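Visitor:
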Amino acid sequence: MTTQFKLHNVVKRYGSRTVLTIDQLALPEGRIYTIMGPNGSGKSTLLRIMGLLLVNDEGELEVLGEKVNWEKEQLLQLRRQMSMVTQTAFMFQGSVEYNVAYGLKARNMKSRLIRARVGEMLEMAGMSAYREADARTLSGGERQKVALARAMQSNQKYCSWMSRLPTLIWPVQPK
Amino acid sequence: MSIFVEGIKEGVYLIWQMDPEIIQVTLLSLQVSLTALLLSAMLGIPAGAALALKKIPGKRIWLNTIYTLMGLPPVLAGLLVYLLLTYRGPLGQFELLFTPSAMVFAQVLLAAPIVCGLTARAVMALPQDVYDTAATLGASRRQASATIMREARIGIVAALTTAFGRVIAEVGAVMLVGGNIRWSTRVLTTSIVLETRMGNFSTAIAIGLILLSLSFLINLLILKLEKRTLRYDNTIQIT
Numbered sequence: 736m737t738t739q740f741k742l743h744n745v746v747k748r749y750g751s752r753t754v755l756t757i758d759q760l761a762l763p764e765g766r767i768y769t770i771m772g773p774n775g776s777g778k779s780t781l782l783r784i785m786g787l788l789l790v791n792d793e794g795e796l797e798v799l800g801e802k803v804n805w806e807k808e809q810l811l812q813l814r815r816q817m818s819m820v821t822q823t824a825f826m827f828q829g830s831v832e833y834n835v836a837y838g839l840k841a842r843n844m845k846s847r848l849i850r851a852r853v854g855e856m857l858e859m860a861g862m863s864a865y866r867e868a869d870a871r872t873l874s875g876g877e878r879q880k881v882a883l884a885r886a887m888q889s890n891q892k893y894c895s896w897m898s899r900l901p902t903l904i905w906p907v908q909p910k
Numbered sequence: 297m298s299i300f301v302e303g304i305k306e307g308v309y310l311i312w313q314m315d316p317e318i319i320q321v322t323l324l325s326l327q328v329s330l331t332a333l334l335l336s337a338m339l340g341i342p343a344g345a346a347l348a349l350k351k352i353p354g355k356r357i358w359l360n361t362i363y364t365l366m367g368l369p370p371v372l373a374g375l376l377v378y379l380l381l382t383y384r385g386p387l388g389q390f391e392l393l394f395t396p397s398a399m400v401f402a403q404v405l406l407a408a409p410i411v412c413g414l415t416a417r418a419v420m421a422l423p424q425d426v427y428d429t430a431a432t433l434g435a436s437r438r439q440a441s442a443t444i445m446r447e448a449r450i451g452i453v454a455a456l457t458t459a460f461g462r463v464i465a466e467v468g469a470v471m472l473v474g475g476n477i478r479w480s481t482r483v484l485t486t487s488i489v490l491e492t493r494m495g496n497f498s499t500a501i502a503i504g505l506i507l508l509s510l511s512f513l514i515n516l517l518i519l520k521l522e523k524r525t526l527r528y529d530n531t532i533q534i535t
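Line by line, the protein sequences give chains A and B.
Heads up: the first sequence begins at 736 in this note's numbering, then just goes up one per residue.
Heads up: the second sequence begins at 297 in this note's numbering, then just goes up one per residue.
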């Protein structure tokens, strides 16, 4: 079993305020982890660092077996193997379809394949009827579903999901 | 009051008559201001985006300078361009003074800071979520930047309409560097000044009406284009 994430003496500060201190953290693959804690305890900061959206001030970070050097090429290559659903489930201006197709378009997938894949993902999320809808008019739970659909459309090795637990009722039975 | 009624009547008459001089003046106004707007967009949008997104040393000073230039008095812009283009000036050899090119030059000086400053503000007003979402979905830096600009487009369109409003209505700069030469560099605003000085108030009002109508039509066109690219109305709902 390989270790997907390794953090060693990671520190993050905003100005003089230290918001995260992690001495050691190793997450082996093939499991679901839950990070819980009070407001302001650094959960989102940790996930943002692990998602390579935030640079740590100190310490070392290993993601998907690679030591992170924050070079542009490495960031893109690693990010394309991960995905993240944020608590706000931010939607780009446009339709639900545009939002779900975004990551596939970024990977230069053919438009015919994108259409089919978007259809599958929306069906899995129970959001097929909303394909043409304005993504910004969705309810909080609907946004979460679209955000999950859009995050899990390509074969990622890792997905982080920041959420207050009751925001979503996922309609799919586990296989 | 009658002078306004006269002016409106004459305006309708001038437009109805298709007076060749009025048409030439109108077309030149449009040509100069739209060219200036196009060049300002080409300079201002990338510069504004870079100012908002890149780590630039002295960023605040740059922004402050751009915001100051947004209020640059047209006469001062005209003076600067005049001094650059005059025969003894550094660009005098190109003999551009008192040509439409000089007018475009001066108007770019007025419009580019507006496009740049308002684009920067529109981009800076976006939430961090835009970049984060794009990046986590696998967008490269270039793709994410394109998405940021797409999300900021209402603000960018506002920047363009503001800049166009500024240059089409501006008289000080075009008067100085264009010279208000009949059939050559006379535009709608300089015509208004001329007609007013000659006491032809109704003609001046008439030209003013043409100017306003033109601005109305151009903005209508921009809004139409915006609506087509936007497709969805993102207005805040207030009940």
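All residues carry an ideal CB built from backbone N, CA and C; glycine is no exception.
Predicted model, so just to flag it, every value in this text is computed and none were measured.
Residues of chain A with CB under 8 Å from B:Leu433, in chain order?
Guide: The contacting residues are Ser818, Tyr837, Gly838, Ala841, Arg885, Ala886.
Visitor: Among A:Leu742, A:Arg866, A:Ala841, which has the Cα closest to the Cα of A:Val853?
Guide: The shortest C-alpha separation from A:Val853 is found at A:Arg866.
Visitor: What are the start and end residues of the alpha helix (DSSP H) that includes B:Ile318?
Guide: Run containing B:Ile318: 316-349, per the alpha helix (DSSP H) assignment.
Visitor: Do B:Gly340 and B:Met399 have their beta-carbon atoms positioned less than 8 Å apart in this structure?
Guide: Cβ distance not < 8 Å, so B:Met399 and B:Gly340 don't count as in contact.
Visitor: To the nearest angstrom, report how far apart A:Met771 and A:Leu782 are at their CA atoms.
Guide: C-alpha separation (whole angstroms): 12 Å.
Visitor: Would you call A:Asp758 buried or exposed, if buried means 16 or more other Cβ atoms sit within 10 Å of its Cβ?
Guide: It is exposed - the Cβ of A:Asp758 has fewer than 16 other Cβ atoms within 10 Å.
Visitor: Identify whether B:Gln389 lies in helix, strand or coil by the three-state DSSP scheme.
Guide: In this structure, B:Gln389 counts as helix in the three-state DSSP scheme.
Visitor: Alpha carbon to alpha carbon, what distance is there between A:Thr737 and A:Asp792?
Guide: Looking at the two C-alpha atoms, the distance is approximately 26 Å.
Visitor: Compute the Euclidean distance between the alpha carbons of B:Ile477 and B:Leu521, then round it to the nearest angstrom.
Guide: Looking at the two C-alpha atoms, the distance is approximately 35 Å.
Visitor: Measuring only the C-alpha atoms, how far is B:Gln320 from B:Trp479?
Guide: C-alpha separation (whole angstroms): 7 Å.
Visitor: If you follow the beta strand (DSSP E) that A:Thr738 is part of, which residue opens it and which one closes it?
Guide: Residues 738-749.
Visitor: Would you please verify whether the beta carbon of B:Gln313 is less than 8 Å from any beta carbon of chain A?
Guide: Closer than 8 Å: no.
Visitor: By a C-beta neighbour count over all protein chains shown, 10 Å radius and 16 as the cutoff for buried, is B:Trp312 buried or exposed?
Guide: Classification of B:Trp312: exposed, given that the 10 Å Cβ count is below 16.
Visitor: Put A:Arg783 into one of helix, strand or coil per three-state DSSP.
Guide: In the structure shown, A:Arg783 sits in a helix (DSSP, three-state: H, G or I).
Visitor: Rounded to the nearest angstrom, what separates B:Ser325 and B:Leu380 at their Cα positions?
Guide: One C-alpha to the other measures close to 22 Å.
Visitor: Taking beta-carbon pairs under 9 Å, can you tell me which members of the segment 417-450 of chain B lie near chain A?
Guide: The residues in question are Pro423, Gln424, Asp425, Val426, Tyr427, Asp428, Thr429, Ala430, Ala431, Thr432, Leu433, Gly434, Ala435, Ser436, Arg437, Gln439, Ala440, Thr443, Arg446, Glu447, Arg449, Ile450.
Visitor: What does A:Thr699 reach in chain B if we use C-beta pairs closer than 7 Å?
Guide: In this structure chain A extends from 736 to 910, so residue 699 of chain A is not present and cannot be described.
Visitor: Can you give the beta carbon distance from B:Pro396 to B:Thr499, rounded, assuming they're within the 8 Å contact cut?
Guide: Actually they are not in contact, since the Cβ atoms of B:Pro396 and B:Thr499 sit about 23 Å apart, beyond 8 Å.
Visitor: Below 8 Å on the Cβ atoms is my guess for B:Leu349 versus B:Ser441; work out the distance and round it to an integer in Å.
Guide: Yes, they are in contact, since the Cβ atoms of B:Leu349 and B:Ser441 sit about 7 Å apart, within 8 Å.
Visitor: Please name the residue in A:Val803, A:Pro763, A:Phe740, A:Val790 whose C-alpha comes closest to that of A:Leu755.
Guide: The residue with the shortest Cα to Cα distance from A:Leu755 is A:Val790.
Visitor: Compute the minimum distance between the beta carbon of B:Gly434 and the heavy atoms of the ligand GTP, and state whether it is under 7 Å.
Guide: You won't find the ligand GTP in this model; it holds no ligand whatsoever.
Visitor: Within 10 angstroms of its Cβ, does A:Tyr833 collect 16 or more other Cβ (buried), or is it exposed?
Guide: Classification for A:Tyr833: buried.
Visitor: Any idea what DSSP makes of B:Leu507, helix, strand or coil?
Guide: Residue state, collapsed to three classes: helix.
Visitor: If distances are taken between C-alpha atoms only, which option among A:Val746, A:Ser874, A:Ala836, A:Phe740 comes closest to A:Val803?
Guide: Ranking A:Val746, A:Ser874, A:Ala836, A:Phe740 by Cα distance to A:Val803 puts A:Phe740 first.
Visitor: In the structure shown, what three-state DSSP assignment does B:Leu519 receive?
Guide: DSSP places B:Leu519 in helix when its eight states are reduced to three.
Visitor: Suppose you measure from the CA of B:Ala373 to the CA of B:Val463; what does that come to, to the nearest Å?
Guide: Roughly 12 Å between the two C-alpha positions.
Visitor: Using only CA atoms, which one of A:Glu801, A:Ile767, A:Arg815, A:Pro773 lies nearest to B:Thr432?
Guide: Closest by alpha carbon: A:Arg815.
Visitor: Along the beta strand (DSSP E) that carries A:Met817, what are the first and last residues, could you check?
Guide: A:Met817 -> beta strand (DSSP E) spans 817-820.
Visitor: In the DSSP assignment, find the beta strand (DSSP E) that holds B:Glu283 and state where it starts and stops.
Guide: Nothing about residue 283 of chain B can be read from this structure; chain B reaches only from 297 to 535.
Visitor: For B:Pro409, tell me which candidate among B:Ala465, B:Ser336, B:Ile304 has the shortest Cα-Cα distance.
Guide: Looking at the Cα atoms, B:Ser336 is the closest of the given residues.
Visitor: What does A:Gly786 reach in chain B if we use C-beta pairs closer than 9 Å?
Guide: Asp428, Ala431, Thr432, listed in chain order.
Visitor: In the DSSP assignment, what residue or residues form a beta bridge with A:Ser895?
Guide: DSSP, once it has assigned bridges, lists A:Met819 as partnering A:Ser895.
Visitor: Can you list the residues of chain B that A:Arg814 reaches, using a CB-CB cut of under 7 Å?
Guide: The answer, in chain order, is Ala431, Thr432, Gly434.
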